[in-house]
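First up is the structure itself, then whatever we jot down about it.
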Amino acid sequence: MTEPEPRLTTSLDLMRWIGWAQRKSLEEWMRARDLSHEQGFVLGYLVQHPGAIQRDIAEASRTTPASVSSLLQGLERRGYIERRPDPANARIKRVHPTAEGIAVISGFDTAAADVERAVLAPLTAGEQDALRILLQKITEELPRPARD
1 MTEPEPRLTT
11 SLDLMRWIGW
21 AQRKSLEEWM
31 RARDLSHEQG
41 FVLGYLVQHP
51 GAIQRDIAEA
61 SRTTPASVSS
71 LLQGLERRGY
81 IERRPDPANA
91 RIKRVHPTAE
101 GIAVISGFDT
111 AAADVERAVL
121 APLTAGEQDA
131 LRILLQKITE
141 ELPRPARD
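According to UniProt numbering, the sequence shown is numbered sequentially starting from 1.
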């Protein structure tokens with residue numbers, strides 16, 4: 001017996017559906033590079049924040065240091081990151097993406113822009129502008145996203 005299609009009728013239901021479609025497409029992009037969503041996030045974070053410490057990565061990814069440690073071990077085995085001692089305190093390890101890590105995640109921003117274009121394709125340019133204005137109006141009243 002097949003389950004009935006969920007009724008996505010409220011504005012928030014529809015926004016979640018769009019978010020799901022966006023995430024699904026970007027996960028496929030990462031999977032084609034043999035990366036999990038979490039690995040792709042961490043590599044992208046490290047490209048923007050080379051030399052981050054594990055605690056910073058855990059906070060940014062909203063996960064535990066133990067989970068980040070395991071994830072970093074996998075990326076390190078694949079040659080995508082390296083840990084280097086902090087020049088001021090050798091007990092602190094700074095995490096840097098390698099050239100291979102940078103290469104495997106390069107193109108993500110273009111893929112994300114392509115997904116946005118595909119999701120918004122049914123709308124005219126004017127409708128896209130109107131949607132952006134309406135979403136900005138809503139988000140002005142919301143707390144800013146935080147990683148804490």
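Even for Gly, the Cβ is constructed at its ideal location relative to N, Cα and C.
If you ignore the 5 residues before and after Leu-131, its C-beta comes within less than 7 Å of the C-beta of Leu-123, all in its own chain and listed in chain order.
Taken in chain order, the whole alpha helix (DSSP H) runs of length 4 or more contained in the stretch 79-117 are 99-105.
With a threshold of 16 other beta carbon atoms within 10 Å, Gln-39 meets it and is buried. Collapsing the DSSP output to three states places Ala-58 in a helix. For the pair Trp-17 and Ser-11, the Cα-to-Cα distance works out to about 10 Å. In the structure shown, Ala-52 adopts extended strand secondary structure according to DSSP, grouped into three states.
Ranked by how close their Cα comes to the Cα of Ile-53, the residues Ala-90, Arg-78 and Ser-36 have Ala-90 in first place.
Under the three-state reduction of DSSP, Arg-144 is assigned to coil, being neither helix nor strand.
In this model, Glu-28 and Glu-140 are separated by some 32 Å (Cα to Cα). Taking a C-beta distance under 8 Å as the contact criterion, Arg-33 and Val-115 do not qualify as a contact pair. At least 8 Å separates the beta-carbon of Leu-8 from that of Val-42. Apart from the 5 residues on each side of it in sequence, Ile-92 sits with its Cβ closer than 8 Å to the Cβ of Ile-53, Pro-85 and Asp-86 in its chain, given in chain order.
The C-beta separation of Val-119 from Ala-21 comes to about 6 Å, placing the pair in contact by the 8 Å criterion.
In this structure, the alpha-carbon of Leu-35 lies about 16 Å from that of Ser-69.
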